[in-house]
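Remarks on the structure that follows.
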Amino acid sequence: MHTDEQIITLFKEAVKEVDTGTKVGDVTMATELSSLGLDSVMTMEVIGVMEEKLNIRFPDEDLATIKRMGDLAGLVRKLS
Amino acid sequence: MKQVRPMAETLIDVLLDASNVTHKGYTFLDDAMSAEEWSFADLAQEADRRAAYFRSLGLKQGDRLGMIVPDGKDFVLSFFGAVRAGIVPVPMYPPLALGKLDSYVDTATRILSTAGAKMLLTNKQVSPILWSLLSRVKGLEDIILTEKVANHDASKVKQDLSDVRITGEDTCFLQFTSGSTSDPKGVLVSHANLVANSKAIMFDGLKSDSETDIGVSWLPLYHDMGLIGFVIAPMLAHVPVVFLPTLSFVKRPTSWMEAVNKYRGTITFAPNFAFGLAAKRMSPSRLEGMDLSCLRVVGCGAEPINPNTMRNFVGTFEGVGLNPNAIMPCYGMAEATLAIAFDDLSSPFKTVTIDRDAYEEQHLATRYDGDDPARALELVACGATFSAHEVGIMDDHGVLLKNGKVGEIVFRGPSITSGYFDNADASKELLAGGWLHTGDLGFVLDGQLFISGRKKDLIILNGRNYYPQSIEWEVEHVEGIRRGNVVAFSTRGDNTEELVIVAETKVEEGLDELAHQIKMRVHDVLGVRARDVVLVGPGGLPKTSSGKLQRRRTKAQYEAGELGRENRTMGSAATKVKLAKHFTASAVARIKHGIKKGSAPARRIASRVLRPESR
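Chains G and P are the protein sequences, given in the same order. Per this note's numbering, the first sequence runs over residues 1 to 80. Per this note's numbering, the second sequence runs over residues 1001 to 1615.
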């Protein structure tokens, strides 16, 4: 089971891997992913990196429901 | 070398012709990269079955069918099914993951309304968000699920397809150009256009061999490059293709070349940004054991081509056998069906470095070999057009220009559209004088076509089109920004085009926060990311003597480092001097033209209302 902190750390690592130039500031479970300044392609790349690190696959239809960090964390827990 | 040269006049002929080909066809991969194979014969047979089902639902020849179908296999089978029945499909992009559903549904409403769609085809997963379209789109009668189309009981559907009468002049499908605009236009793509352009692509451009070639594509199928380039043209030439889901590529950009390697692909295409992604994420361990010597054509098109991105891509994959000659820059657009010009395959891609000053001021493409990087503009050659087609460069008065002069790229031949669906005014403008007016600026040098910009400053980010105005208007809503004093443009980033916003403000404190607010607003409303926001003082933006903003000049100043990056307002002493000069110049200009302060923005707004964007 992953804690909130672990998932946030993983997310930040994934952002760094996708684009070293993007700085993600404070993130909590309430943070909307769209507020982090990632464009749609980068967001999907970040999702892809997280899938590989966690060895899971987010179903396409579930991705559309992710708005906040908490939604992403919930999905990670459901799938891993 | 073997080429199938069908006598087809329509896509239905192409389907019938392919119905004997049982030993090869299309392979559809899922996100886990497991494969499902369909021979051309099976595809043609399933098209017949789906055609009959569509007809049983009351869809008739010429009716428009909206298609929001994310799955590649279902898209291809349903598309061919509709075409086989003489129904006109309208491919539409599916809701993006984590997308903004409200604006998505708005855009879908406008496209379906413009197309006069009778029904909408989608799948079970997407349909819940689309039901509202039934009440919003006048004339839309029903939403059909692909699951029902795929699993229907054929024994209960009695439909004879022999009365479907289609000629080359008939519309095969409507291609709505990508990007969000309030006024979408559906390009009429006729059967004759498709056959002409498919032959040009497969035989003139790619010199395809139906025995040895294998296409690999992750391109979205609702877009012309994926649909025509990899679904329609290869079927005409009997060239097999392996499709991987677009989302799989975006999530794992390495999957593209991995699929090429695994399936021994010989032909693949993508827009510039994908070359950047693919190279960036390719680690030495992933390259191990890879052999890309199979690749004969790596086409790059659909957005401005950055020579550094291409060089970097070649540098990344040359060690595993990629032939540098395979890189094939190309040029095209939906109004030309797809392809206008292809580079040849006998040499590595070519570029020319021209003098930016001569280009901007005299509209001339003259070679530059000086050492001022702000004056050097390197552009990628996109080759030449195909037989029976002609490319020209035209000035604003409709006069064709000589080699080396910069003007609008125009095109004619059997691939050009007859216009936009139900939009006579826009069609007339598009096809004035019998030429297709591309809206792109370019020139011809040594027989090579170069694309240098967009006449209307269209911004293309990750393959989608944005009008600068739509971005600028959003920025104007941010408190502290001077209305009518915002410029948005794209500039070459390391790999892709990147959005830059320059805005005037009177605010002197908290500029970082203001820049952040601008980025957020643009992201929230349009879903795009601004790489840089530059805030300048009042009068800091270049304007014409009559107070009109100068986008291209702003961009040139930005690229030359004269506007100051990283949210700086006024930095060095040199900048201050420049700004002071600018203040003086614009004050003088205003007095000269007798324009009262404040009237310029008002006129800009008026001109927007009076002259809405046409393309």
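For every residue, glycine included, the Cβ atom is placed at its ideal position computed from N, Cα and C.
| Check | Outcome |
| --- | --- |
| For Asn1193 of chain P, three-class secondary structure by DSSP | helix |
| Sufficient close CB pairs (3 or more, under 8 angstroms) joining the segment 1125-1139 of chain P to the segment 1022-1035 of chain P | no |
| Distance CB(Ala1018 of chain P)-CB(Phe1054 of chain P) smaller than 8 angstroms | no |
| Identity of the residues DSSP links to His1437 of chain P by a beta bridge | P:Val1410 |
| Segment contact flag, the segment 1405-1425 of chain P with the segment 1460-1467 of chain P, C-beta cutoff 8 angstroms, min 3 pairs | no |
| Per-residue DSSP class, three states only, for Gln1550 of chain P | coil |
| Whether Leu1236 of chain P touches Ala1008 of chain P by CB criterion (8 angstroms) | yes |
| Residues near Ile1389 of chain P by beta carbon distance below 8 angstroms, same chain, minus five either side | According to the sequence provided, residue 1389 of chain P is His. The question's Ile does not apply to it. Hits under 8 angstroms: Ala1200, Ile1340, Phe1411, Arg1412, Gly1413, Pro1414, Ser1415. |
| Interface flag, Gly48 of chain G vs chain P, CB-CB below 8 angstroms | yes |
| Assigned exposure category for His1477 of chain P - 16 Cβ within 10 Å defines buried | exposed |
| Contacts of Asp39 of chain G in chain A (Cβ-Cβ under 8 angstroms) | Absent here is chain A; the protein component of the structure consists of chains G and P. |
| Contacts around Arg77 of chain G, its chain only, beta-carbon distance under 7 angstroms, and the 5 residues preceding and following it disregarded | Met1, His2 |
| Nearest residue (CA-CA) to Phe1269 of chain P, options P:Met1092, P:Met1202, P:Lys1156 | P:Met1202 |
| Touching by the beta-carbon criterion (3+ pairs, under 8 angstroms), the segment 1074-1088 of chain P and the segment 1099-1110 of chain P | no |
| Where Met1520 of chain P meets chain G, residues with beta-carbon distance less than 7 angstroms | Ser35 |
| Beta-carbon proximity list for His1363 of chain P, same chain, < 6 angstroms, skipping 5 on both sides | Val1406 |
| Rounded C-alpha distance that separates Thr1584 of chain P from Gly1540 of chain P | Residue confidence for Thr1584 of chain P is low, a pLDDT of 48 falling below 50, so the modelled location carries little weight and cannot support an answer. |
| Three-state secondary structure (DSSP) of Arg1296 of chain P | coil |
| Three-state class that DSSP yields for Phe1273 of chain P in the structure shown | helix |
| With 16 other Cβ atoms within 10 Å as the buried cut-off, status of Asp1494 of chain P | exposed |
| Residues that Cys1330 of chain P bridges to, as DSSP identifies them | P:Phe1342 |
| Thr1146 of chain P vs Leu1121 of chain P beta-carbon contact at 8 angstroms | yes |
| Neighbour flag for Leu1247 of chain P against chain G, beta carbons, 8 angstroms | yes |
| Residue closest to Ser1039 of chain P, alpha-carbon to alpha-carbon, out of P:Arg1049, P:Asn1020, P:Leu1057, P:Ala1052 | P:Asn1020 |
| First through last residue of the alpha helix (DSSP H) which encompasses Gln6 of chain G | 4-18 |
| Beta-ladder partner(s) of Tyr1420 of chain P, from DSSP | P:Val1187 |
| Cβ pair count under 8 angstroms reaching 3, the segment 41-61 of chain G against the segment 8-15 of chain G | yes |
| Min CB distance Gln1125 of chain P to chain G below 8 angstroms | yes |
| Which of helix, strand or coil DSSP assigns to Gln1469 of chain P | helix |
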